[in-house]
Amino acid sequence: MPAVDDKYELESIMIPSDDIKRRVRDLASRIESAYRGQEITLAGVLKGAAIFMSDLAREIGPTVDVRMDFMAVSSYGNSSTSSGVVKIVKDMDASVEDKHIILVEDIMDTGLTIAYLKEMLSTRSPRSFKTCVLLEKPERKKVDSEIDYRGFTIADEFVVGYGLDYAGKWRHLPDIWRLSRAPR
Ligand code: 5GP
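If you count the sequence shown from 1, position 30 lands on 142 in the numbering used here, and the numbers rise without skipping.
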């Protein structure tokens with residue numbers, strides 16, 4: 113501890129798991145109040161949002177009919193920044209038409225990925241469309257894409273853990289960590 117690869121190492125915890133748990137509960141309870149008695153589809157973006165969405169879904173009570181679906185995207189940029197051109201590697205399984213969709217993402221950096229997915233899913237006639245994003249880096253924002261359910265606003269630092277990786281590593285950590293150097 114901390115784990116090391118050839119270039120980067122974990123530096124310090126930015127958001128401890130207890131804070132994440134509390135915030136996820138808050139978000140779930142807001143979603144529950146908004147959709148009580150209705151069906152919603154949580155649409156998670158793999159792989160980063162998998163852990164966040166699993167925790168979020170389990171905190172939404174049985175008064176909401178929660179469906180879970182996933183999509184996988186890859187950016188045409190390098191692995192740690194976004195080019196805004198997104199390739200759909202795996203689409204959602206179910207149709208979004210006439211459904212209440214909540215897009216669940218790990219982090220909004222430039223906002224380009226979410227803007228792209230929002231645009232794409234909106235053309236498929238959902239009944240409503242909202243976004244739920246664990247982390248937002250406002251300093252890096254390039255497009256004005258609204259977040260409806262936001263976990264934390266963070267400074268412009270590269271983070272890993274709680275689903276977020278660097279080169280496939282560190283997704284499994286329960287806390288969110290800063291890296292010693294930003295990989296960009
Ligand atoms: P955006 O299109 O908003 O610029 O980029 C979103 C994607 O960039 C995220 O889904 C994530 O894959 C990656 N990303 C941006 N910032 C970070 C970060 O601090 N840590 C990690 N692990 N990935 C990031």
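All C-beta atoms, glycine included, are put in the ideal place defined by N, C-alpha and C. Since the structure is predicted, the reported quantities are computational estimates derived from the model, not experimental observations.
Which residue marks the beginning of the alpha helix (DSSP H) containing residue i, and which one marks its end?
i: serine 141; result: 129-147
i: arginine 170; result: 162-171
i: glutamate 231; result: 224-234
Compare the beta carbon distance of residue i and residue j with 9 Å and say whether it is the shorter of the two.
i: aspartate 181; j: methionine 204; result: yes
i: lysine 253; j: threonine 222; result: yes
i: isoleucine 152; j: arginine 179; result: yes
i: valine 272; j: valine 245; result: no
i: lysine 199; j: methionine 183; result: no
On the criterion of 16 or more Cβ atoms from any shown chain inside 10 Å, does residue i qualify as buried, or is it exposed?
i: serine 237; result: exposed
i: glycine 275; result: buried
i: arginine 293; result: exposed
i: glutamate 209; result: exposed
i: lysine 133; result: exposed
i: alanine 155; result: buried
i: glutamate 248; result: buried
Which residues bound the beta strand (DSSP E) around residue i?
i: arginine 290; result: 288-291
i: threonine 243; result: 240-248
i: tyrosine 261; result: 261-265
i: leucine 285; result: Premise fails: leucine 285 is in no beta strand (DSSP E) and is neither H nor E.
i: leucine 158; result: 151-158
i: aspartate 181; result: 177-187
i: aspartate 218; result: 212-220
Is the segment 275-287 close to the segment 159-167, with three or more CB pairs under 8 Å? yes
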